[in-house]
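Everything below concerns the one structure shown next.
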Amino acid sequence: MAVCFQLCRIPALGVDLSSSEPPSLSRIIGRKPLVLRCEASSSSSSAVEAAEFDAKAFRHNLTRSKNYNRKGFGHKEETMELMNREYTSDIIKTLKENGNEYTWGNVTVKLAEAFGFCWGVERAVQIAYEARKQFPTEKIWITNEIIHNPTVNKRLEEMEVKTIPIEEGQKQFDIVDRGDVVILPAFGAAVEEMLALSERSVQIVDTTCPWVSKVWNMVEKHKRGDYTSIIHGKYGHEETTATASFAGKYLIVKNIKEATYVCDYILGGALDGSSSTREAFLEKFGHAASKGFDPDTDLIKVGIANQTTMLKGETEEIGKLLERTLMRKYGVENVNNHFMAFNTICDATQERQDAMYKLVDEKLDLMLVIGGWNSSNTSHLQEIAEDRGIPSYWIDSERRIGPGNKIAYKLNHGELVEKENWLPKGPITIGVTSGASTPDKVVEDVLVKVFDLKREELLQLA
Ligand code: SF4
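As numbered in the numbering used here, residues 36 to 497 make up the sequence shown, in order.
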């Protein structure tokens with residue numbers, strides 16, 4: 036049975052920031068009694084509903100409790116050595132030593148200038164390795180995949196780091212016993228999950244990337260100013276779910292098309308006429324908005340935030356569109372009272388996208404985009420190649436290649452495609468990049484498979 040806080044009246048207590056005890060509900064609620072419902076594994080649709088609930092104070096208190104760690108346990112050197120052995124690649128080393136371009140046989144590989152493991156992912160995996168070393172006999176759980184990469188996730192499974200099971204859409208937190216260790220992944224965890232865990236007196240190892248917590252700070256700022264957070268992200272993605280849980284009022288838009296609909300509604304249909312009634316708005320966005328969201332009253336003051344791995348240009352476009360819309364509605368002189376912007380695209384995402392734009396300008400026969408099929412940042416790298424019309428194959432491991440000259444790959448919108456004879460005959464130039472959660476070793480395994488296929492082709496010709 037899932038842990039579930041029922042509707043309850045909780046007497047008011049202040050936050051004790053000096054305590055090292057993990058914060059409980061009774062210590063994080065504001066001065067007034069309030070109704071609070073927390074479903075540990077519900078979507079982020081304001082499972083913590085009460086306006087008085089201070090998620091920031093809760094997080095602040097949690098991070099100072101004795102059962103919480105986000106810095107590792109002093110085993111960095113040896114865990115990094117182990118990771119280097121498991122995840123690095125000689126082929127990538129050769130490419131880097133040769134200006135990111137090298138020819139093996141009849142295959143020239145051009146590697147993006149920025150690719151692969153970002154520091155946030157490396158840090159998260161390394162802290163998880165440290166947790167295993169620090170707690171060799173304890174049960175270790177993780178609330179979600181630590182990152183979106185099957186190779187790394189399998190490795191953690193081998194290290195007996197288990198994912199908290201889900202039944203009928205509910206995370207089964209009651210499987211976690213007092214004294215167990217629970218890892219929060221790089222994308223973070225929703226505030227109600229943190230609450231559920233802190234109530235169970237477990238050791239929390241928080242690997243949330245600081246870039247993600249920066250976005251949480253931003254939506255908390257929106258909340259304090261009574262702005263609705265417009266989150267550019269994918270509904271249901273762990274990071275967006277966590278971010279929404281820290282927001283007050285929020286609306287998740289996945290792309291410029293949805294943002295245009297919202298702006299058209301704000302302007303009463305005067306933008307492009309794509310929106311219609313309040314009911315139609317709620318039908319379209321009800322699942323991706325905070326509980327009780329009303330487009331007539333909750334789009335007067337808005338702030339922009341994003342899932343850190345979205346396409347940077349699109350986040351900027353959405354921000355500008357919202358700003359222009361609110362200027363048009365309330366006047367240029369009043370825009371600051373209606374719109375709050377802040378760039379929360381992380382550097383790593385930006386660098387990988389910029390490098391990809393540069394790479395697709397080169398003469399390439401095809402692109403290989405390597406990364407988990409549920410990795411948002413990898414999908415955007417694939418999107419850039421597809422937009423340029425370059426044959427681009429998004430695969431998560433070398434197992435997608437073969438038998439023979441065949442490949443199973445994903446398109447950026449998620450469609451799975453199989454293709455025969457995907458590798459052209461004769462000398463070829465391949466562009467290569469990998470998502471922020473992809474170890475170099477996975478890229479190497481893919482390239483080795485390509486080299487083998489091309490070698491076979493040469494042998495058949497001989
Ligand atoms: S992609 Fe950015 S936000 Fe995500 S883990 Fe890496 S550094 Fe952090």
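Even for Gly, the Cβ is constructed at its ideal location relative to N, Cα and C.
(request) Give the DSSP-derived three-state secondary structure of D307 in the structure shown. (result) coil
(request) Have a look at the DSSP bridge pairing and note the partners of D241. (result) L219
(message) Do W429 and V404 have their beta-carbon atoms positioned less than 8 Å apart in this structure?
(response) yes
(message) Looking only at its chain, what residues have a beta carbon closer than 6 Å to the beta carbon of A323, apart from the 5 residues adjacent to it on each side?
(response) Y270 and I287
(request) Check the DSSP bridge columns for I430 and list the partner residues they point to. (result) I405
(request) Name the two residues that bound the continuous beta strand (DSSP E) containing W139. (result) E136 to W139
(message) Let me make sure I understand the geometry here. Which of N412, M345, G449 and R490 has the alpha-carbon closest to that of I501?
(response) Here the chain covers residues 36 to 497 and nothing more, so residue 501 does not appear.
(message) Any heavy atom of the ligand ATP inside 7 Å of the beta-carbon of G155?
(response) Ligands in the displayed structure: the ligand SF4; the ligand ATP is not one of them.
(request) Reducing DSSP to helix, strand and coil, say where W176 ends up. (result) strand
(message) I want to check one thing, is the minimum distance from the CB of T344 to the heavy atoms of the ligand SF4 below 7 Å?
(response) yes
(request) Taking 8 Å as the cut-off, decide whether the C-beta atoms of T178 and V217 are in contact. (result) yes
(message) Does the segment 418-429 come into contact with the segment 179-196, if we say contact requires no fewer than three beta-carbon pairs (one atom in each stretch) closer than 8 Å?
(response) no
(message) Let me make sure I understand the geometry here. Which of R359, D382, F208 and C244 has the alpha-carbon closest to that of P220?
(response) C244
(request) Determine contact between the segment 141-154 and the segment 466-474, defined as no fewer than three beta-carbon pairs at a distance below 8 Å. (result) yes
(message) Taking a contact to mean a Cβ-Cβ separation below 8 Å, would you say I419 touches Y392 in this structure?
(response) yes
(message) For E386, tell me which candidate among P462, I353, K289 and T413 has the shortest Cα-Cα distance.
(response) T413
(request) Thinking R313 and D331 are a contact (beta carbons under 8 Å), I'd like their distance in whole angstroms, please. (result) 6 Å
(request) For S411, write down the residues that DSSP places opposite it in a beta bridge. (result) Partner(s): none; S411 has no beta bridge.
(message) Only counting the same chain, and skipping five residues up and downstream in sequence, which positions put a Cβ closer than 7 Å to that of I63?
(response) Only weak support exists for where I63 lies, its pLDDT of 43 falling under 50; the value from the coordinates is given anyway. Closer than 7 Å at the Cβ level, and outside the excluded window around I63, lie V50, D89, A92, F93 and N96.
(request) Check whether the Cβ of N96 sits closer than 7 Å to any heavy atom of the ligand SF4, and report yes or no. (result) no
(request) Report the residue ranges of all alpha helix (DSSP H) runs contained in full by the segment 311-352; include only those spanning at least 4 residues, in chain order. (result) 313-320
(request) Report yes if the C-beta distance between T186 and V477 is below 8 Å; otherwise report no. (result) yes
(request) Using three-state DSSP, classify S124 as helix, strand or coil. (result) coil
(request) Just tell me which of L493, D480 and K249 has its CA closest to the CA of Y122. (result) D480
(request) Report, in whole angstroms, the separation of the C-beta atoms of I162 and T242, which I expect to be a contact under 8 Å. (result) 5 Å
(request) Going by CA-CA distance only, name the one from R167, E203, F152 and N409 that's closest to M194. (result) R167
(request) Note down the Cα distance separating A85 from R99, rounded to an integer number of angstroms. (result) Since pLDDT at A85 reaches only 46, below the 50 mark, its modelled position is unreliable, and the value read off the structure follows with that caveat. If you take the alpha carbons of A85 and R99, they lie about 24 Å apart.
(request) Compute the beta-carbon to beta-carbon distance between K398 and T464, rounded to the nearest angstrom, for a pair I have assumed lies under 8 Å. (result) 7 Å
(message) Any heavy atom of the ligand SF4 inside 7 Å of the beta-carbon of W246?
(response) yes
(request) Starting from E455, follow the beta strand (DSSP E) in both directions and report where the run begins and ends. (result) L451 to E455
(message) At the level of alpha carbons, what is the spacing between R318 and K289?
(response) The amino acid at residue 318 is misidentified as Arg; the sequence shows Glu. Spanning the two alpha carbons is a distance of roughly 16 Å.
(message) Quick check: the Cα distance between A231 and S248, rounded to an integer number of angstroms?
(response) 19 Å
(request) Could you spell out where the beta strand (DSSP E) holding G466 opens and where it closes? (result) I463 to S469
(request) Quick one: grab the DSSP three-state call for V50. (result) The predicted model places V50 with a pLDDT of 37, which falls under 50 and marks its position as unreliable; any figure quoted below should be read in that light. V50: coil per DSSP, three-state reduction.
(message) Tell me which residue opens and which closes the beta strand (DSSP E) that I267 is part of.
(response) Reading off the sequence, residue 267 comes out as His, not Ile. First-last of the beta strand (DSSP E) with H267: T263 to H267.
(request) Please name the residue, chosen from F170, C381, R423 and R213, that lies closest to G155 on a Cα-to-Cα basis. (result) C381
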